[in-house]
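Protein chains in written order, with the working numbering: chain A, 309 to 681; chain B, 17 to 589.
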């Protein structure tokens, strides 16, 4: 799990938020290297559609990345790697708030990756991100820099899902296990189990670590990675994070504007997800459209917004990402920070094509969130 | 089923609102108008079922389909697309969701949403039965009303309570002949009732709002039951009329019981009448005060009593509207009011109709006039002081001759008031006076517009009764010197009159001087007196000179009054 509810980001992004156009402008950053100079753009880009980022932990991660990036990291395409190269996905597991309180020791990336290498008997040749939301965009970079490995341009979701197994890697038949988890207190746990048991096994371990851990998982060959990842997303975020870039540049498959309006009610919700082990409770956000038909838009949220109804008709649903952008400051509004009276814009980010297959919908669609539609 | 007039329209399919307001969904929370008729019922546990839902179906959500606010909203959307009659959801499932946004959506889509507390499956069966046999459902409602009315017993207040509780969404009022609200809800009389016409069914059906005349034990109109509000379906007015008819008997019983109680107890009805007058007086005082504050001055100059002037100007029109048989709804209400939806809650708002107090309602039960125009009367025994023991007898005679009127004990007789015009009241009182076993006289006060002015009328009646000839009836508005003098025994006046006129009579051989004097004083001038007498003006002047020579100062007011009175006595004697 990667995005539990945390205080909303308060920092304004450098560029003023502008309404979305699908047009993607900007030039890719200097191909190949990410150094301290490129870090700011990646950091800004990683937060454009990410919710749940805790301000303090994000800054902490940013400082950490800055400290280890004295030697730039090479950004490579998965297809450019020798097919048998072992690639390891890196993600934060647990609460970002906990990350800000239980400070990392700095050795977590090395310990986690090396534990995996020891188990597999192979040296890893590249690091890849599980997803690219806030801290999770920076931790793979930190890992790559620490280990002197290249970072693969792409990630395993194209957006963010709450569970470790909700990735295109899983859709491609790759198991998240064996998974090595390194904690801030020198803990190291190696989990080896069936793929659908990983999340369950992981959660109590993370709690015992003090709330967070750094996971090295989805060990796979570069050829498999090339087959399963959503490519080019790292360079895309860097382009989108540069001053003046459009927010839509951060969406690999475009952005659709659902409505602009005002939140009129935030209700507890029911009827879905009761039997799911999601890290938050269901809620329902009712938005009154302030333009056009003046529709009543209901956003059903469970960890994230999974379903949008306009006047009772489904207009957007998982696996596409639905997010609220505050009209006041252009920042993403967390589901659990939504309050009546807030003026918001609701955007829909279509998910990668892999998510729109039957398997994809089963893993990241409405039913995965317990909505029986 | 029967085609009798009593159940005409009962076969029309029930509407959603009917189900909620008087049917199997009684007490459920409803959002939306509920105007659509229900033909079928469909239980839906999965949204995919909606593709086969027929129009005019009441959709009952269970299981997943009722699993939360979002599910209910999706169901509403699909129901709207399928032109369903309404969506029925368990309150439990949606309990965590405030009705607010669902209500807004119901409004937006124009589809009715109902939350029920009962098991939705049970509800579905009940709704299905009501939809399949609308007449049976309506009969059930009528039967329940009959039962509740029987429990309520003979009390106007309780009867109206039952009507308003069992016919929710419809306001029922019991008003007297003049539109005074005796019990029930003023909303039934508000101009907004015309909004019911929008949904009113075709000409063949019952008119709406429904009015039922209630006749008292004596066959006279006691009042009317009026039911208004949004007409829920073509069948609704017929059902309401039936239920109102059921309420007539208890209301008549109520009136009869009140009268019976009062007839056996003079003090009871006397106290009731006194209280009614006291309340009217308070009201008058309030009105006058209000008027003074408002600075409305012009009306005081109309010569009517203060209380009359204080009556609100539109009252006359309103009264006309509500008279039975005048087709109240056709008279258009003020334009500003027409657009107002029937809120059904004016009870707490500013009163739209005059409301009777408890005392007023009981007075109406007695058959008394509680609204103008009324005239007071007074019956006064002559040659004896009124004995409290006589009261019952006097009242029996008065009620038998004059009609249902209050009789109050006064120091010197018995007073009351009647809606009869003064001349007819005079006539009837004459009969009463003749029928009484003791010598009596009676007086009739001036007719006033309202009970509030009754005190003035009573004073007049009292004076008139005092002055009336034995066995006669005097009217306070017809009293002249003759009537005044008649109050004094003739023998007592004759001697002083003779003394006053002695100097004149001494020189008046043929009575012309006395006649001339009477004419001048009566007409107020020589010229008119000459006309009356048929003589020349100078002749009158010459005669007046002769009278002055006899020692009378005709320019002195006191002298003139004394002379005029004496003339009446001597001439009348």
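Every residue gets a Cβ at the ideal spot worked out from N, C-alpha and C, and that includes glycine.
Only a predicted model underlies this, so the values are computations on that prediction, with no experimental measurement involved.
Beta-carbon contacts of residue i that lie in its chain and below 7 Å, excluding the five residues immediately before and after
i	result
residue 239 of chain B	190, 191, 192, 193, 198, 230, 380
residue 413 of chain B	448, 451, 452
residue 557 of chain B	542
residue 162 of chain B	262
residue 39 of chain B	30, 146, 153, 157
residue 425 of chain A	431, 432
residue 28 of chain B	150, 249, 250, 251
residue 380 of chain A	341, 342, 343
Cutoff 8 Å; reference residue i; Cβ partners in own chain excluding five residues on either side
i	result
residue 455 of chain A	417, 418, 421, 432, 435
residue 411 of chain A	368, 492
residue 62 of chain B	79, 80, 81
residue 599 of chain A	567, 568, 569
residue 174 of chain B	168
Close Cβ partners of residue i (< 6 Å) along its chain, the five nearest in sequence each way excluded
i	result
residue 451 of chain A	398, 417, 435
residue 535 of chain B	545, 548, 549
residue 71 of chain B	99
residue 394 of chain B	429, 431, 459, 477, 478, 481
residue 187 of chain B	201, 203, 204, 244, 245
residue 58 of chain B	69, 73, 75
residue 170 of chain B	266, 269, 270, 273
residue 351 of chain A	370
residue 144 of chain B	57
residue 446 of chain A	369, 373
residue 136 of chain B	76, 78, 106
Assigned exposure category for residue i - 16 Cβ within 10 Å defines buried
i	result
residue 515 of chain B	exposed
residue 592 of chain B	The question about residue 592 of chain B has no answer here: the residues shown for chain B are numbered 17 through 589.
residue 552 of chain B	exposed
residue 11 of chain B	The shown model of chain B, from 17 to 589, leaves out residue 11 of chain B, and the question about it has no answer.
residue 612 of chain A	buried
residue 138 of chain B	exposed
residue 559 of chain B	buried
residue 658 of chain A	buried
residue 554 of chain B	exposed
residue 521 of chain A	buried
residue 714 of chain A	One cannot answer for residue 714 of chain A here, as it falls past the ends of chain A, which runs 309 to 681.
residue 227 of chain B	buried
residue 396 of chain B	buried
residue 253 of chain B	buried
residue 236 of chain B	exposed
residue 619 of chain A	buried
residue 488 of chain B	buried
residue 122 of chain B	buried
residue 482 of chain A	buried
residue 532 of chain B	buried
Integer Cβ distance of residue i from residue j, believed to fall under 8 Å
i	j	result
residue 654 of chain A	residue 566 of chain A	4 Å
residue 548 of chain A	residue 408 of chain A	About 25 Å separates the two Cβ atoms, so there is no contact after all.
residue 130 of chain B	residue 92 of chain B	Contact flag wrong, Cβ pair sits at about 11 Å.
residue 489 of chain A	residue 499 of chain A	7 Å
residue 423 of chain B	residue 440 of chain B	Not really, about 18 Å apart at Cβ, beyond 8 Å.
residue 433 of chain B	residue 392 of chain B	5 Å
residue 561 of chain A	residue 660 of chain A	7 Å
residue 605 of chain A	residue 616 of chain A	6 Å
residue 457 of chain B	residue 398 of chain B	6 Å
heavy atom of the ligand SAM below 7 Å from residue i C-beta
i	result
residue 79 of chain B	Annotation note on the ligand SAM: not contained in the displayed structure, which lists no ligands.
>> Measuring CB atoms only, is the segment 643-659 of chain A touching the segment 559-575 of chain A, in the sense that at least three cross pairs come out at less than 8 Å?
In response: Judged by pairs of C-beta atoms under 8 Å, the segment 643-659 of chain A touches the segment 559-575 of chain A, as three or more such pairs exist.
> Quick one: complete alpha helix (DSSP H) runs, 4+ long, within the segment 235-291 of chain B?
Replying inline: Within the segment 235-291 of chain B, the complete alpha helix (DSSP H) runs of at least 4 residues are 252-279.
>> Counting beta carbon pairs with one atom in the segment 386-396 of chain A and one in the segment 350-357 of chain A, are three or more of them shorter than 8 Å?
In response: Touching, no, given that fewer than three Cβ pairs across the two stretches are closer than 8 Å.
>> At 4 residues or longer, what runs of the alpha helix (DSSP H) sit wholly inside the segment 136-160 of chain B?
In response: List check, alpha helix (DSSP H) in window: 136-148.
>> Under 8 Å: do the segment 661-674 of chain A and the segment 612-627 of chain A share three or more Cβ pairs, one atom per stretch?
In response: Touching, yes, given that three or more Cβ pairs across the two stretches are closer than 8 Å.
>> Tell me whether the segment 283-293 of chain B and the segment 249-258 of chain B touch, counting them as touching only if at least three CB pairs, one residue from each stretch, are closer than 8 Å.
In response: No contact exists between the segment 283-293 of chain B and the segment 249-258 of chain B.
> Going along the chain, which unbroken runs of the beta strand (DSSP E) with 3 or more residues stay wholly within the segment 578-654 of chain A?
Replying inline: Counting only runs that start and end inside the segment 578-654 of chain A, the beta strand (DSSP E) elements of at least 3 residues fall at 591-597, 604-610, 612-618, 621-634.
> Given 8 Å as the limit, is there contact between the segment 499-517 of chain A and the segment 459-473 of chain A, that is, 3 or more CB pairs closer than that?
Replying inline: Verdict: yes, contact present.
> If you scan the segment 35-120 of chain B from start to end, which runs of the beta strand (DSSP E) of 3 or more residues do you find wholly inside it?
Replying inline: Counting whole runs of 3 or more residues, the segment 35-120 of chain B contains the beta strand (DSSP E) stretches 45-47, 56-60, 73-77, 102-106.
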